[in-house]
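As they're listed, the protein sequences go chains R and X. The opening residue of the first sequence carries number -3 in the working numbering; numbering runs sequentially from there. The opening residue of the second sequence carries number -3 in the working numbering; numbering runs sequentially from there. Below you'll find the structure, written out as structure tokens, and then a few comments.
There are 2 protein chains.
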Amino acid sequence: MQEGQRTDVNTLGEFGLIDHLTKEFPLQQPSTIKGIGDDAAVIENGDLCTVVSTDMLVEGIHFDLAYMPLKHLGYKSVVVNLSDIYAMNATPKQITVSIAISNRFSVESLGELYEGIRLACEMYQVDLVGGDTCSSPKGLTISITAIGQGEKNRLCYRSGAKVGDLICITGDLGAAYLGLQLLEREKQIWEKHPDIQPDLEDQKYVVGRQLKPEARRDMIETFQKSALIPTSMIDISDGLASEIFHICKQSGVGALIEESGIPINQEAQLLALKFKLDPVTCALNGGEDYELLFTINPNDVEKVKYLPDIYIAGEILQAKEGIKLNTKGGNLHDLKAQGWVHF
Amino acid sequence: MQEGQRTDVNTLGEFGLIDHLTKEFPLQQPSTIKGIGDDAAVIENGDLCTVVSTDMLVEGIHFDLAYMPLKHLGYKSVVVNLSDIYAMNATPKQITVSIAISNRFSVESLGELYEGIRLACEMYQVDLVGGDTCSSPKGLTISITAIGQGEKNRLCYRSGAKVGDLICITGDLGAAYLGLQLLEREKQIWEKHPDIQPDLEDQKYVVGRQLKPEARRDMIETFQKSALIPTSMIDISDGLASEIFHICKQSGVGALIEESGIPINQEAQLLALKFKLDPVTCALNGGEDYELLFTINPNDVEKVKYLPDIYIAGEILQAKEGIKLNTKGGNLHDLKAQGWVHF
């Protein structure tokens, strides 16, 4: 490092910055099976592994309390962490929650936040086992760590995709992003005309996807019942494009995504058109859907073909073939990972 | 909760607030041995338990970058978490580190922070296995979770102290607090007279205790070698008084602390007098020394009597006798837990 040099963090992006900061950290503990670079870390404990994931949410960056009720925020903060544990094909069991709060927050408002956290704990049967509470000069910051358990030989990493594997997506994509666009627009209208009450009734689905997402525990249970182990898996938090890039990079492969295979909810489709947005772009780059992207061995296709809410959306290619999108019009485009642009 | 009621968080204090927010969280997972309320949570994995602790550090609240170099901050952030794991009589193995940063921080300055984190990982042989990096509208927030391993029947909780047990303290207390006072004073002088360079050479010990504390891994190793299992243990992060209150509350006992038994470093003693502070008050309420406070069965007294750096400072009494300080002058005072006053 040159004396006095100043490189803006934006030049590296989130993932580049993490790579840069953590590249000199050797793993010393024999129990560390997987360190940085997946949805969660994996720690050996005999046949059962401990799976750990952590996320930080900052007011004004990740959430806006103008339209995000604190109860929903508490719920969502937990769910996004649990989603990372499920994406390892593991089951979350415990969480820790740390918050930094400015004096703007009352005991009652924090009670709302923790009510949402409690509901998520109840829904997903996880225990709140620790945390930290401190003050902050400004705003609210939430940091949650989820701890889960997985069978060593059933865990799914980002690195396991093989050429010829089928690419699968659960649920539908893009709705959470459109929900956010809608809430942002209503906020702007409300700021100019505080007397106009927003009517979000017609857009319940997209608003719900943004404010109260769920993690796909049901899928992990379905995999177990169907004796299916995906070859690789990741949760879709930053948009399909970004996630497929992670899988391809870590598996050393390429991919072909069929535009016709990307599941998009009808309400989201219509709203995208209303906003003059391309629904497929919303699905590729929107993020926050917390669905699962996974790959399966083609021999397992019969196991997923008739399962509800799983869509086959493409195939794993050789690395040299790149990452392509086959549009409905029959054109082949290079996919770009726009992903996460919080910096 | 009454509609529109607004209770300031200051009315509850840190521990009261945590109790209030988390009282409705039942534990559902059979693997959760210990949830909220100790230095760390304990999760069962056969004979070995997973021990988890988490801390959040906020710029302007927990640290001041005017005198805290980023490398030291990184080191200290890790150490304070490891200290919680050692305080369970367990060994830390992995950490996750999440940071929220404003655009004031360059890649190079974050490199300094991570260099300190790396040094702590190397020193204590823990692996950095995950984390999150995001932007913040203001300042730096660091959230670290430490994951350790302990033998189920050797873990030490806050709740195990019995009447008649001896109270032991490692190292010395108060120096970290006096180091902070000194740095604060030098900062004020420097702000008024930027041409005057602070000379901290004579106070290396207290400044080092504040800027680069160490966790007492050596004590946990000593306990193992001496076949000693403390009946209860806690790390001294908020000052001796606050910690003895935690042990007494959770063990349902009282305590007598001998003022003459509280170890205070000579440099710290002299500096306290210079600042017109009572050295014992600094030891009782200063905090950030990251020493261990533990209790032992009186039958084990021979095991600790000749161990270096362990001081017997009192005895566990019945709850009804309260928590008392026997001064050097022979007076008996009720001890007050001033503790942590960040709100």
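Beta carbons: idealized from backbone N, C-alpha and C, even for Gly. None of the values given here were measured: they were computed from a predicted structure.
Spanning the alpha carbons of R:E197 and R:L273 requires a straight line of approximately 21 Å.
Residue burial annotation: R:V47 is buried, with at least 16 other C-beta atoms found within 10 angstroms of its C-beta. Pairwise C-beta distances place the region 33 to 41 of chain R in contact with the region 83 to 91 of chain R, as three or more of them are shorter than 8 Å. The three-state secondary structure of X:T7, taken from DSSP, is helix. Judged by DSSP secondary structure, R:E255 falls outside any beta strand (DSSP E); it is assigned neither H nor E. If you check the CB distance, X:L169 and X:I260 come in under 8 Å. For X:F271, no alpha helix (DSSP H) segment is defined, and its DSSP state is neither H nor E.
Here X:T18 has I32 as same chain residues with Cβ atoms under 8 Å from its own Cβ, once five neighbours each way along the sequence are excluded. Per the DSSP secondary-structure output, X:Y307 pairs in a beta bridge with X:I165. In the structure shown, R:M215 falls within a helical segment according to DSSP collapsed to helix, strand and coil.
Check the Cα spacing between R:A62 and each of R:V93, R:G135, R:P22 and R:F11: the tightest is with R:G135.
Taken in chain order, the members of the region 92 to 111 of chain X whose beta-carbon sits within less than 9 Å of a beta-carbon on chain R are T92, V93, S94, I95, A96, I97, N99, F101, S102, V103, E104, S105, L106, G107, E108, L109, Y110 and E111.
Under the DSSP assignment, X:G325 falls outside any beta strand (DSSP E); it carries neither an H nor an E label. A straight-line Cα-Cα distance of about 20 Å links R:Q177 and R:G167.
In the structure shown, R:N85 adopts coil according to DSSP, grouped into three states. For X:S238, the enclosing alpha helix (DSSP H) covers residues L236 to S247.
Between X:K221 and chain R, the shortest Cβ-Cβ separation is not below 8 Å. Within its own chain, the residues whose Cβ lies closer than 6 Å to the Cβ of X:M215, once the five positions on either side in sequence are excluded, are T166 and L288, listed in chain order. The contact set of X:G257 on chain R, defined by CB atoms closer than 7 Å, is empty, because the minimum CB distance reaches about 31 Å. Against chain X, the CB of R:M52 has a partner CB under 8 Å away; the residue lies at that interface. Within chain X, the residues whose beta carbon sits less than 9 Å from that of R:V5 are I97, N99, F101, S102, V103, L106, T129 and S131, listed in sequence order.
Within chain R, the residues whose beta carbon sits less than 7 Å from that of X:C117 are F21, listed in sequence order. Under the DSSP assignment, X:L224 falls outside any beta strand (DSSP E); it carries neither an H nor an E label. Within the same chain, T92, V93 and S94 come within 7 Å of X:G127 by CB-CB distance, once the 5 residues on both sides are set aside.
As computed with DSSP, R:M52 is found in a beta bridge with R:S139.
In this structure, X:I258 lies near X:V276, with their beta-carbon atoms less than 8 Å apart. Listed along the chain, the chain R residues whose CB falls inside 8 Å of the CB of X:E263 amount to none; the nearest CB is some 30 Å away. At a cut-off of 4 residues, the continuous stretches assigned as alpha helix (DSSP H) that sit fully inside the region 55 to 121 of chain X are 66 to 82 and 103 to 120. In this structure, X:G70 places its C-beta atom within 8 Å of the C-beta atom of X:L109. Note on X:V297: under 16 other CB atoms within 10 angstroms of its CB, so exposed under the neighbour-count rule. Within 10 angstroms of the beta-carbon of R:K89 lie 16 or more other beta-carbons, which makes it buried. The beta-carbon of R:N41 is placed less than 8 Å from the nearest beta-carbon of chain X. Close to X:V203, with beta-carbon spacing below 7 Å, lies no residue of chain R; the smallest spacing is near 24 Å. Here X:E40 is bridged, per DSSP, to X:C45. In the structure shown, the three-state DSSP call for R:D15 is helix. In this structure, the straight-line span from the alpha carbon of X:I138 to that of X:A96 is close to 7 Å.
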